[in-house]
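S.K.:
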Amino acid sequence: MGVLNVPDLFDLSTIMVSEFSPGGAFGSDTPEPDFGFAFNNSNFSDRVLRIEVIPDSPETKSDGDCCSSIADWARNRKRRREDFKKEIYVVQRQEQVLNCNVPDTVDGLTYENRDEDAVAMIEGSPSDVGLNCNQIGNDTAHDNYSSLNKDHFTVLRVNIIHISSPILAAKSPFFYKLFSNGMTESEQRYVTLRVHASEEAALLDLLNFMYGNTLSTTTPTALLDVLMAADKFKVASCMRYCSRLLRNLPMTRESALLYLDLPSTVLMADAAQPLADAAKQFLAAKYKDVTKFQDEVLNLPLAGIEVVFSSDDLQVASEDAVYDFLLKWARTHYPKLEERRRVFATRLGRLIRFPHMTCRKLKKVLTCNDFDAEIAPKIVLEALFFKAETPHKQRALASEEANAPYRHFLERAYKYRPVKVVEFEKPRQQCVVYLDLKREECAHLFPGGKVYSQAFHLGGQGFFFSAHCHMDQQSSFHCFGLFLGMQEKGAVTFAIDYEFAARSKPTEDYLSKYKGNYTFTGRKTIGYRNLFGIPWTTFMADDSNYFINGVLHLRAELTVRQ
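Be aware that the sequence shown starts at 1, since it is given in UniProt numbering, and climbs by one per residue.
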């Protein structure tokens, strides 16, 4: 009987161009051909694949052969990844070893098998291989490879599978280069892959997928195993398939963090990017209000912290609170000062939007040991330069980084609205405070809401503003109110002169609304329930005199009384 030379019937270079190009199966959603009928069928195969299964490390095997949860899978994967990096394969001289990352290189003796790499051995036709045309062979007890072989590996079993090199090459760059590197071994009929026992099921599922474009497994842990195998053998279509199935499963905190902790080769692959994006969106939404989940967020790993605090929608009191929280997190997870400085310089520092911190907190950054002495002054100087810019320039700087993964100038949705303060020490202690509120923020106050400003200081005392939507008791309509409060409690007595003003059309100058004096005793407030003397509907109307380009501009001049 003549031997059918399958590669003569298919031009592998043509297949690879169509499949791996942007318009091919790897770059579109076009359904791929189903070759499931040909899997492990000698009638449609031109090669024999031997899968040697070697033991996992004792630590990995202790949890059992399978993982019942995402957490179990994560623990096992981390141990396997660390253990496998330590193992060195000494290959028999008659075998050639190809690393999937460098498939055209043939070294002779020693290879380090990392978790991300696949080891393939191509050999001549062995006399000891029992072939079964339509079933996966499983030779264990009497195979020459089933005991401690010359490579110092105990081979538990050998799976024998009939494969079609054009089908595998069309789906995987690894197999394409393996079968077409132009060397003598690429013409051999028998190909040997060596995998750990924990990878065996995933590899078999992957091979099935490369023929039939579907998987029988649906559990998260099994899909993750196949995803890892697909990454190792560069099967992008399977990575997309696993990614889609995992995204359709209910997302949890544990699964989202696990997806973000997958190897960089997986996370950087276009096929798995939607899965990583879904995990980031889940964590950012879950921990949008950090104050409600402080303990949970404090226990997040670095990858989770980066996702939560890079969000523009993060609900925090102020950027000062972000700084304080990340400082606390870093001191908890990185107790050594040098490690903490390194993580702030490379990872955490870019999460803090220093230009929106108060000047008092920026002073503390300069003296904080957790920041490198050369980095801290640069951070503070950049923040102060931004604060000194005109509002138009500030908006321009913020828009320039709209598509950046980490933003410095864009303002978050702070619970406490930022203020700008100009302080004077002589001839009297005085400050001028500016508070801007967007029309949308004011609209959300109706019918009985309030919004607070960030704290500012005068004469050593802390103050804040609060804007309210009130019901006018005399006229029975809603109106806009503004109040000034002092933070300190107890028997503190502090006297000030004050003046409230707001910009108004047509001049757009600040016009005084109320002025007076008040002696604060403890935590009390002074203000006006109807600052503008008009109903809420008039205040919020499209032709309102107080919204200039959609912003309400308020100002208060405060002077310490002698």
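We put the beta carbon where it would ideally sit given N, CA and C, even for glycine.
Please classify residue 543 as buried or exposed, where buried requires at least 16 other C-beta atoms within 10 Å of its C-beta.
M.R.: exposed
S.K.: Taking DSSP's pairing of strands, which residues face residue 195 in a bridge?
M.R.: The partner list for residue 195 (beta bridge, DSSP) reads 53.
S.K.: Is DSSP giving residue 344 helix, strand or coil here?
M.R.: helix
S.K.: Give the DSSP-derived three-state secondary structure of residue 450 in the structure shown.
M.R.: strand
S.K.: Taking the beta strand (DSSP E) that residue 36 belongs to, which residues open and close that run?
M.R.: From DSSP, residue 36 is part of no beta strand (DSSP E); its letter is neither H nor E.
S.K.: How long is the line joining the alpha carbons of residue 200 and residue 53, rounded to whole angstroms?
M.R.: 7 Å
S.K.: For residue 479, which residues does DSSP report across the bridge?
M.R.: 470
S.K.: Please report how far the alpha carbon of residue 206 lies from the alpha carbon of residue 46, in whole angstroms.
M.R.: 19 Å
S.K.: Run through DSSP, which three-state label would residue 111 get?
M.R.: With a pLDDT of only 30 at residue 111, under the threshold of 50, the placement of this residue in the model should not be trusted; the figure read from the coordinates follows. Three-state DSSP puts residue 111 in a strand.
S.K.: Below 9 Å between beta carbons: does that hold for residue 530 and residue 472?
M.R.: yes
S.K.: Is the number of C-beta pairs between the segment 209-226 and the segment 32-51 that are closer than 8 Å three or more?
M.R.: They touch, by the three-pair rule.
S.K.: Residues in its own chain within less than 8 Å of residue 330 by CB, not counting five upstream and five downstream?
M.R.: 340, 343, 344, 348 and 370
S.K.: What does the alpha-carbon distance come out to for the pair residue 413 and residue 435?
M.R.: 15 Å
S.K.: Hey, how far is the Cα of residue 272 from the Cα of residue 32?
M.R.: 19 Å
S.K.: Per DSSP, which residues does residue 209 bridge with? Please list them.
M.R.: DSSP lists no partner for residue 209.
S.K.: Do you know whose CA, among 359, 363, 236 and 242, lies nearest residue 221's CA?
M.R.: Nearest neighbour of residue 221 by Cα position, chosen from 359, 363, 236 and 242, turns out to be 242.
S.K.: How about residue 290 and residue 308: do their beta carbons lie closer than 9 Å?
M.R.: yes
S.K.: Is it the case that the Cβ atoms of residue 235 and residue 171 are separated by a distance below 9 Å?
M.R.: yes
S.K.: Below 8 Å, how does it come out for the segment 501-516 and the segment 447-459: are there three or more Cβ pairs, yes or no?
M.R.: no
S.K.: Can you say whether residue 94 is buried or exposed, counting buried as having 16 or more other CB atoms within 10 angstroms of its CB?
M.R.: Confidence is the limiting factor: at residue 94 the pLDDT is only 41, short of 50, which leaves the residue's position unreliable, though a coordinate-based value still follows. Per the 10 Å Cβ criterion, exposed.
S.K.: By DSSP, does residue 321 sit in helix, in strand, or in coil?
M.R.: helix
S.K.: For residue 485 versus residue 464, is the C-beta spacing smaller than 9 Å?
M.R.: yes
S.K.: Pick from 228, 230 and 278: whose alpha carbon is nearest that of residue 252?
M.R.: 278
S.K.: For residue 302, which three-state DSSP category applies?
M.R.: helix
S.K.: Straight-line CA distance for residue 250 to residue 315?
M.R.: Their Cα atoms are separated by approximately 25 Å.
S.K.: Quickly, what does DSSP pair residue 422 with across the bridge? List them, please.
M.R.: 432
S.K.: Thinking just about the alpha-carbon of each residue, which of 459, 354 and 476 is nearest to the one in residue 488?
M.R.: The candidate whose alpha carbon is nearest that of residue 488 is 459.
S.K.: Report the residue from 319, 297 and 514 whose alpha carbon sits nearest the alpha carbon of residue 482.
M.R.: Nearest option by C-alpha distance: 514.
S.K.: Just the C-alpha distance for residue 21 and residue 408, rounded to the nearest angstrom, thanks.
M.R.: For residue 21, the pLDDT reaches just 37, beneath the cut-off of 50, and the residue's location in the model is therefore unreliable, although a value from the coordinates is still provided. The C-alpha of residue 408 is placed about 38 Å away from the C-alpha of residue 21.
S.K.: Taking its Cβ as the centre, do 16 or more other Cβ atoms sit within 10 Å of residue 304, making it buried, or is it exposed?
M.R.: buried
S.K.: Would you decide whether residue 444 is buried or exposed? Buried here means 16 or more other CB atoms lie within 10 Å of its CB.
M.R.: exposed
S.K.: Taking the alpha-carbon positions, what's the residue 442 to residue 270 distance?
M.R.: 42 Å
S.K.: Could you check what DSSP says for residue 204 in three-state terms: helix, strand or coil?
M.R.: helix
S.K.: When burial is assigned at 16 or more other CB atoms within 10 Å of the CB, is residue 50 buried or exposed?
M.R.: buried
S.K.: Could you give the DSSP three-state label for residue 402: helix, strand or coil?
M.R.: coil
S.K.: May I ask you to report which of helix, strand or coil DSSP gives residue 504?
M.R.: strand
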